[in-house]
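Contents: one structure, followed by commentary.
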Amino acid sequence: MFPVNRPRRLRQNWQIRRMVQETVLTVNDLVYPLFVVPGEGVAKEVKSMPGVYQLSVDKIVEEAKEVYDLGIPAIILFGIPEEKDEKATGAWHDCGIVQRATEAVKKAVPDLIVINDTCLCEYTTHGHCGYLEVGDLVGRVLNDPTLELLKKTAVSQARAGADIIAPSGMMDGMVKAIREALDANGFSHVPILSYAAKYASAYYGPFREAAESAPSFGDRRTYQMSPANSREALKEIQLDVEEGADMLMVKPALAYMDIIWQVKQATNLPVAAYNVSGEYSMIKAAALNGWIDEKRVTMETLLGLKRAGADLILTYHAKDAVRWLNEVTF
Ligand code: PBG
Ligand code: ZN
6 MFPVNRPRRL RQNWQIRRMV QETVLTVNDL VYPLFVVPGE GVAKEVKSMP
56 GVYQLSVDKI VEEAKEVYDL GIPAIILFGI PEEKDEKATG AWHDCGIVQR
106 ATEAVKKAVP DLIVINDTCL CEYTTHGHCG YLEVGDLVGR VLNDPTLELL
156 KKTAVSQARA GADIIAPSGM MDGMVKAIRE ALDANGFSHV PILSYAAKYA
206 SAYYGPFREA AESAPSFGDR RTYQMSPANS REALKEIQLD VEEGADMLMV
256 KPALAYMDII WQVKQATNLP VAAYNVSGEY SMIKAAALNG WIDEKRVTME
306 TLLGLKRAGA DLILTYHAKD AVRWLNEVTF
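Just so we're aligned, residue 6 is where the sequence shown starts under our numbering, counting upward by one.
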């Protein structure tokens, strides 16, 4: 007996396949992360992330133009300060590296959306995402004192022209604290993209080389979430929605596609997925060895994240992906 239902009828050629394609990745879905360093004319490749560079402000501006010309709507900036200290001064100072880069990019490319990552880990001597009691080597990150620094950081970033504030430190109450601080300083129009469900992940390894932000002792498990938990992610999401988040992020992306899906079902807010450094480096390493087809694997990965529910994807592949959008079909 021959089957009556023949799903293959709709797969027989590319014209039909494209008509019934359910998920489409577009340039509008992409956000490109950039790392700003002090100096001039600096473009230093990150060893563990081929194709990703630490760039000085002048180079960031050049890069921003290229990103804008490719049609990518937004960049997210991470900063490596001249000096680090206990109070993360470089994070909240009006002359901080991210503030200066933001001003320069907004001046040169006003229509490119500039997201600022709002955290302290790149700016503290110990590399943790919050404030430690002076002399505390156990790594107890003090929640509420950290909120005060995050408020100052967010306001100073908004003052520099940041279009979107993205707190990533997983401190309790950070969205509410930042919302109130922005509102009180005339920035009620600036949206918050909360890293709402951020896991304590080994996939961040290469990022910590790029951002020079590895904790000097201990780890981040007292504030980032356990990879074992998914109901806890929904709790974090609910709190951030109540506190006034405008968009929610799940991070990392690949090992957490079930979380992306659940967050999408649980809220009406836009959901972002962070395709993190380790995910990028794995594809790059395999591609450089000739073991996989970089183009197809990259596009399949990004499409998969969108299918899982991501409205936005933060990815180091963004520039390549735009070039490959028309080349790779399914
Ligand atoms: C920390 C932060 C991390 C990333 C962005 N901001 C992770 C961490 O060091 O814990 C990771 C991004 C990536 O791996 O690409 N606030
Ligand atoms: Zn941090």
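Glycine included, every Cβ here is placed at the ideal spot set by N, Cα and C.
From a predicted model like this one, the values you see are computed outputs, not experimental measurements.
Does the Cβ-Cβ distance between methionine 304 and valine 333 come in under 8 Å? yes
What's the call for aspartate 149, buried or exposed, on a 16-neighbour Cβ count within 10 Å? Exposed, since its Cβ has fewer than 16 Cβ neighbours within 10 Å.
How should aspartate 245 be labelled, buried or exposed, when 16 other C-beta atoms within 10 angstroms of its C-beta is the threshold for buried? buried
Got a sec: does the ligand PBG put a non-hydrogen atom nearer than 7 Å to the Cβ of glutamine 229? yes
Expressed to the nearest angstrom, what Euclidean distance is found between the alpha-carbon atoms of tyrosine 228 and serine 173? 11 Å
Beta strand (DSSP E) segment containing proline 38, residue limits: From DSSP, the beta strand (DSSP E) with proline 38 extends over 35 to 42.
Distance CB(isoleucine 318)-CB(aspartate 34) smaller than 8 Å: yes
Glycine 95 and tyrosine 128 look like a contact to me (Cβ under 8 Å); what is the Cβ gap, rounded to whole Å? So it is a contact: roughly 4 Å between Cβ atoms.
Terminal residues of the beta strand (DSSP E) in which aspartate 177 lies: Careful: aspartate 177 lies outside any beta strand (DSSP E) and carries neither H nor E.
CA nearest to the CA of glycine 283, picked from Val57, Val36, Gly46: Val57
Minimum length 3: unbroken beta strand (DSSP E) runs contained in the stretch 43 to 112: Listed in chain order, the complete beta strand (DSSP E) runs (minimum 3 residues) inside the stretch 43 to 112 are 48 to 50, 58 to 61, 79 to 84.
The beta strand (DSSP E) enclosing methionine 254, as first and last residue numbers: Taken as a continuous stretch (DSSP letters only), the beta strand (DSSP E) holding methionine 254 covers 252 to 256.
Is glycine 210 close to the ligand ZN? I mean its beta-carbon at under 7 Å from any heavy atom of the ligand. no
Where do the N-terminal and C-terminal ends of the alpha helix (DSSP H) with aspartate 149 fall, by residue? Where aspartate 149 is concerned, the enclosing alpha helix (DSSP H) stretches over 148 to 165.
Report the CB separation of tyrosine 204 from lysine 256 in whole angstroms; it is logged as a contact under 8 Å. 7 Å
With the ligand ZN as the reference, list in chain order each residue whose Cβ lies under 7 Å from any of its heavy atoms. Cys124, Leu125, Cys126, Cys134, Ser173, Gly174, Ser218
The ligand PBG and serine 282: does the residue's C-beta get closer than 7 Å to at least one heavy atom of that ligand? When distances are taken from the beta-carbon of serine 282 to the heavy atoms of the ligand PBG, the shortest one is below 7 Å.
State the beta-bridge partners of leucine 317 as determined by DSSP. Ala277
Own chain partners of proline 43 with C-beta closer than 8 Å, once the 5 adjacent residues on each side are dropped: Ser61, Ile85, Pro86, Glu87, Ile102
Over the uninterrupted beta strand (DSSP E) stretch that includes alanine 201, give me the two end residues. 198 to 203
Thinking serine 4 and glycine 132 are a contact (beta carbons under 8 Å), I'd like their distance in whole angstroms, please. Nothing can be reported for residue 4, as the shown portion of the chain is limited to 6 through 335.
Using the Cβ count rule (16 or more neighbours within 10 Å means buried), how would you classify lysine 240? exposed
Look at the alpha carbon of leucine 293 and the alpha carbon of methionine 287, and state the distance between them as a whole number of angstroms. 10 Å
Considering only their Cβ atoms, is the gap separating threonine 272 from leucine 253 smaller than 8 Å? yes
Do leucine 198 and methionine 176 have their C-beta atoms within less than 8 Å of each other? Cβ distance not < 8 Å, so leucine 198 and methionine 176 don't count as in contact.
heavy atom of the ligand PBG below 7 Å from arginine 213 C-beta: yes
Do leucine 117 and isoleucine 80 have their CB atoms nearer than 8 Å? Taking 8 Å as the Cβ cut-off, leucine 117 and isoleucine 80 qualify as a contacting pair.
What would DSSP say about leucine 307, mapped onto helix, strand or coil? helix
In its own chain, which residues sit with a C-beta less than 6 Å from the C-beta of phenylalanine 192, not counting the 5 before and 5 after it? Ala163
Closest to alanine 233 by CA distance: which of Ala202, Glu248, Asp224 is it? Ala202
Measure the alpha-carbon distance for glycine 223 versus arginine 13 and round it to whole angstroms. Spanning the two alpha carbons is a distance of roughly 54 Å.
Can you tell me the Cα-Cα spacing of methionine 24 and serine 206, whole angstroms? Distance between the alpha carbons of methionine 24 and serine 206: 38 Å.
Euclidean distance between Cα positions of phenylalanine 212 and glutamine 26: 34 Å
Grab the span of the alpha helix (DSSP H) containing aspartate 325 for me, first residue to last. 323 to 329
Excluding five sequence neighbours on each side, which residues of the same chain lie with their C-beta closer than 7 Å to the C-beta of alanine 113? Val66, Ala69, Lys70
Which residue or residues does DSSP assign as beta-bridge partners of aspartate 122? Aspartate 122 is bridged to Ala171.
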